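Residue numbers (my numbering), protein chains in the order written: chain A, 57 to 326; chain B, 57 to 326; chain C, 57 to 326. We treat Cβ as the ideally placed atom computed from N, Cα and C, and that holds for glycine. All of these numbers come straight from a predicted model, not from anything done at the bench. See structure below.
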Amino acid sequence: MTRPMSSIDPIPHLRRVHETAPLIHNITNFVAMNAMANVLLAIGASPAMVHAREEAAEFAGLAQALTINIGTLSPHWVDAMLEAARAANAVSTPWVMDPVAVGATHYRRQTAKQLIELSPSVIRGNASEIIALAGQSSTGRGVDSTDAYDDAIDSALQLARQTGAVVAVTGEQDLVTDGQRLVRVAGGHPLMPKVTTLGCSLTGVVAAFIAAAEDTLAATVAALCCYATAGELAGGEAKGPGSFAVAFIDALHALDAQALEGRHLDIEHV
Amino acid sequence: MTRPMSSIDPIPHLRRVHETAPLIHNITNFVAMNAMANVLLAIGASPAMVHAREEAAEFAGLAQALTINIGTLSPHWVDAMLEAARAANAVSTPWVMDPVAVGATHYRRQTAKQLIELSPSVIRGNASEIIALAGQSSTGRGVDSTDAYDDAIDSALQLARQTGAVVAVTGEQDLVTDGQRLVRVAGGHPLMPKVTTLGCSLTGVVAAFIAAAEDTLAATVAALCCYATAGELAGGEAKGPGSFAVAFIDALHALDAQALEGRHLDIEHV
Amino acid sequence: MTRPMSSIDPIPHLRRVHETAPLIHNITNFVAMNAMANVLLAIGASPAMVHAREEAAEFAGLAQALTINIGTLSPHWVDAMLEAARAANAVSTPWVMDPVAVGATHYRRQTAKQLIELSPSVIRGNASEIIALAGQSSTGRGVDSTDAYDDAIDSALQLARQTGAVVAVTGEQDLVTDGQRLVRVAGGHPLMPKVTTLGCSLTGVVAAFIAAAEDTLAATVAALCCYATAGELAGGEAKGPGSFAVAFIDALHALDAQALEGRHLDIEHV
C-alpha cells in the first residue's frame, strides 16, 4: 500500500543531516550551551556557539543555519542576536527562534517582538511560550509550560499566519504548522521535561534539519520525530533523569533508518 | 519511643517540595547553571536562570525563592544580584547566598559585603568561605575548601548572629545554625567534591526547601539531609566522578520517604 | 633494555599532578566551563573559572597555571584575558592558549594576535586552528578541524619557533613541538570529537601538567598521553558519545601508573 503524499517520512531528512553535517551557529542561553552542542554533535551536525556583537554577524554568514534563544538575555547579546538574524537573512540562511519564558518579563516580550520582525524560518517553543507569543494570555510563570497542548493549536496557527514562520509547539505531544498544514508528532518520554534544556537543544536539531531542506515544515517535523524516537529509546535504558540524559545522547547518535522505519507523520490541511 | 521535639524529620520537607514544585530564580555562575538546573528538576522544583539587570528584579517577584551565587562575577551581574535581592526582600521572598571563593579576591569580598547587607535568608558555603565571610582569616585559595569543619563552627555562629541568616557550612560533614540552634548533618560520599558545582547546586536545593517553609533552619537541614542521602545512594552505584554525577541525579529524583526513614537530625541549643 | 633518554615517561608527570593538586585558573568559553572543571577535578587538579576584569589579574597571581580560551569572546572578556596573561607573566606562572576557531572571524584572529604577543607557554589547538594561527590558509569553518594532521606539522614548527611556545596539535593523532623537538602521541578514541569541549578541557589538563614542570614540552606530552589513554579506556565502556563522556571522567579519575605502563613517547629532533 502506497503512503499518501500527505505524510512525511523522516528518514531522508536524517540522511541529509548525516551527509551534509551542517554548521549550526547558535546564540543560545548559558544553561543550554554544552547540552545543545552535544545534542548537535550526536545528530551529526557541527555546532558553534558565537554570541559577541563583534563577530556574530560575520559568523552567521558562514553557517548553514542559525538559532537564537532568549533564555539568558543581556543588552550586548540582544544586539548580537538582531545583527546575526539580519546577516542570516541577507544570505538566505534559515534561522530558528526559541522564545524561552517569553511571557515572564517585559524584556523578553520586547526582545521576542524585535526578533519576530526579522522573519524566523521556524519558531519553536512550549505551549505557554507559543500562546504568549501569539498575544494570548498564558499562565506560564517560568521556563516550564503550564498550558495544555490543545490550547496552543489556535495560537500556533495564528502565529504561523502572522509571521510566515513554521511554528512548532513541543511538549508531551508536538505540533507543527505553517498555517496551512498541521502535523502532530507523538512519542518521547516522561523523563524528557526532567532534563534541563532538552527543548533548547531541540531547537538546534530543527536548525540542522532545515539547513538544506526544501520544505521547512517537513524538515521540522522530521527533526521532532527523530528527537521523540531517541527519547523513547533512551527511556527504555534510563533509571532516572541523569541516566536518561546520557542514554538520550547515545540514542540520538545511533539513530538510523531502522529506528525510524514506519514513522510516517500525517499532514492535516487546516 | 517518641523522638524529642528537638529533632528535624526531613520527610515532610521533601513532600512539600514535591507538592509545591517551587519556581526557583537563580543568579548563579556559568559553571553551575546546567548542573544546578538538573538538580532542581530532579528534586521536584522548577528552575529558572535569569541574570540580566533588565529583568532580574521583575523575575525575582515571580519566584518562590531566589539564589545568588558569586562564582563568576562581572559588573552587570553584580547590579542584577543587588536588584534581585532587593526585589525579593520587597515581597518577602526568601533568598540564599552562595559566597563562592569569597576569600580569593577583593572583588568577591566587596560583592559579598553588599549582598550580606541585603539580609539573605540562608548563607551556604564551604568551611573556607564561611570563615572568610565571618572576617576570620582563611587559607582558602580557590573554590575548594582548605579549612577543617571544626574551625568553621565559631565563624558560622558569629555570622548567623551578625546577619540574622541561617548559616550552612557544607563539606565532608555539614553544619547548620541560626545562632541559637545548631544541627550537624552527616552522610554524603567522598566523590561529591570531585564533581564540580555540587555545592552550588545544593544552594538551589536549599532555596527549594525554604521556599514555603515556616522554619528556615529546619528546611535547610532537610535539604542538606536529602542531598547527603542521595549522595550515599549514588556512591553505591558509581565507578568514578562521571558515573557518580549521573547516579546522583537519578537518586535525587527517586528520593522518597522510604530513603529518608529514620534520618532525624538532632538540634543542639548553643 | 634501557629506554633511550630521548623519550618521555608520563608516569612521573601524572604523579606530580596528583601530589601537588595545582590550582588552575581558567578563562574559558561558556560551553566548556562545566566539562573542563570536571575534567580537571578528575585528573586531580583544582579548577577555578574567573573571567571578570575586576579580579582576573589578581586571581592569576594565586594560581599555579592559567588557561585562556577564545571560544566565546566579548570585549570585557578580552580585556580580562590580556590582563590575566600579563599578571601570570609577571609572576612567571605558565599559561596555555586555546585558539578556538581562530580562523573563523576577524575578531578571533585579532584577539589571538594580542594574546600570542603575551608569550603563552603552550598553544593547544586542532590542525585547522594551528594552521590558521601560523598564518597559513586553512579551510577550517567552525570549531571542528577540517585539516589533516600532516598539514599541520610545518605550521606547528613555525609557530613554535616564532613564539617560543610549545605547540600542541591535537586530533586523531597528537603532535607536540617546541621547534627543536617533536613528539607524536597516538591513541584516543573515535568518539572523542563527538563530545563537545573535550579539546578545551584538554587545555586545562595541559595547564595542570605544566604547572610545576621543569620541561614544558615533556609535561605537555604527558598530559596528552594521559588524555588519550583515558579515551581508550572509556571507549571500551561506551555505547555512544553520552556514555563515553561519563566513562571518560571515570577513566581520568582512575588513571594511574599501571594504566600508563610502557607508554613512553619518543622524541624526534627536527
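Check                                                                                                                        : Outcome
V152(C) at chain B interface by Cβ criterion, 8 angstroms                                                                    : no
Residue range of the beta strand (DSSP E) that includes A188(C)                                                              : Premise fails: A188(C) lies in the alpha helix (DSSP H), A183 to L189, not in any beta strand (DSSP E).
Alpha-carbon to alpha-carbon, V302(C) and I124(A)                                                                            : 29 angstroms
Alpha-carbon spacing of R142(B) relative to S130(A), whole angstroms                                                         : 20 angstroms
Near-chain C residues of the segment 156-177 of chain B (beta-carbon distance less than 8 angstroms), N- to C-terminal order : A157, A160, T161, H162, Y163 and R164
Cβ of D306(C) within 8 angstroms of any chain B Cβ                                                                           : yes
Candidates I266(B), C281(B), S257(B) and F265(B): closest to I305(B) by CA position                                          : S257(B)
Residues bridged to E324(A) [DSSP beta-bridge criterion]                                                                     : L238(A)
Span separating the alpha-carbon of L273(B) from that of E110(C)                                                             : 35 angstroms
Within chain B, the residues that V251(A) reaches when beta carbons sit closer than 8 angstroms                              : N94 and L97
As assigned by DSSP and simplified to three states, the class of I10(A)                                                      : Here chain A covers residues 57 to 326 and nothing more, so residue 10(A) does not appear.
Coil, strand or helix - P60(A) by DSSP                                                                                       : Confidence at P60(A) is low in this model, with a pLDDT of 49, below 50, so the placement of that residue should be treated as unreliable; the coordinate-derived value is given next. If DSSP states are grouped into helix, strand and coil, P60(A) belongs with coil.
is_contact[G298(C), chain A] using C-beta, thresh 8 angstroms                                                                : yes
Closest residue to V179(C) among M153(C), T219(C) and E317(C) (Cα-Cα distance)                                               : In the sequence as presented, Val is not what sits at residue 179(C); that position holds Ile. The option with the nearest alpha carbon to I179(C) is M153(C).
Contact under 8 angstroms by Cβ, L122(B) with A144(B)                                                                        : yes
N90(A): contacting residues in chain C (beta-carbon distance under 9 angstroms)                                              : F86, V87, A88, M89, N90, A91, T252 and T253
contact_flag[the segment 258-265 of chain C, the segment 84-101 of chain C] where n(CB pairs < 8 angstroms) is 3 or more     : yes
Integer Cβ distance of Y205(C) from E228(C), believed to fall under 8 angstroms                                              : 6 angstroms
Alpha-carbon spacing of T161(C) relative to Q170(A), whole angstroms                                                         : 26 angstroms
Check whether T67(C) and L321(C) have beta carbons under 8 angstroms apart                                                   : It should be noted that the sequence gives Ile, not Thr, for residue 67(C). Not in contact: I67(C) and L321(C) (Cβ atoms no closer than 8 angstroms).
Whole-angstrom distance between D135(A) and L231(A), CA atom to CA atom                                                      : 31 angstroms
Chain B contact for P66(A) (CB, 8 angstroms cutoff)                                                                          : no
Rounded C-alpha distance that separates A310(C) from Y283(C)                                                                 : 12 angstroms
Cβ of E36(B) within 8 angstroms of any chain A Cβ                                                                            : Beyond the ends of chain B as shown, which are 57 and 326, falls residue 36(B); an answer cannot be given.
Cβ shell of H107(A) (< 7 angstroms), same chain only, five flanking positions each side left out                             : I83, W133 and A136
Any alpha helix (DSSP H) of 4 or more consecutive residues that is wholly inside the segment 137-189 of chain A              : 162-172 and 183-189
Contact with chain B by A144(C), beta-carbon distance below 8 angstroms                                                      : no
Interfacial residues, the segment 103-137 of chain A to chain B, with Cβ spacing under 8 angstroms                           : G127, T128, L129, S130 and P131
Distance CB(A307(A))-CB(A294(A)) smaller than 8 angstroms                                                                    : no
Distance between N90(C) and V251(C) (C-alpha atoms, nearest Å)                                                               : 13 angstroms
Neighbouring residues, chain B, relative to V302(A) (Cβ below 7 angstroms)                                                   : V302
Spatial distance of R240(A) from E317(A) (CA atoms)                                                                          : 17 angstroms
Coarse secondary structure for N85(A), derived from DSSP in three states                                                     : coil
Alpha-carbon to alpha-carbon, N94(B) and P103(B)                                                                             : 8 angstroms
Proximity test, Cβ basis, 8 angstroms: A268(C) and chain B                                                                   : no
DSSP bridge partner residues for T233(A) (one or two, in chain order)                                                        : V223(A) and L238(A)
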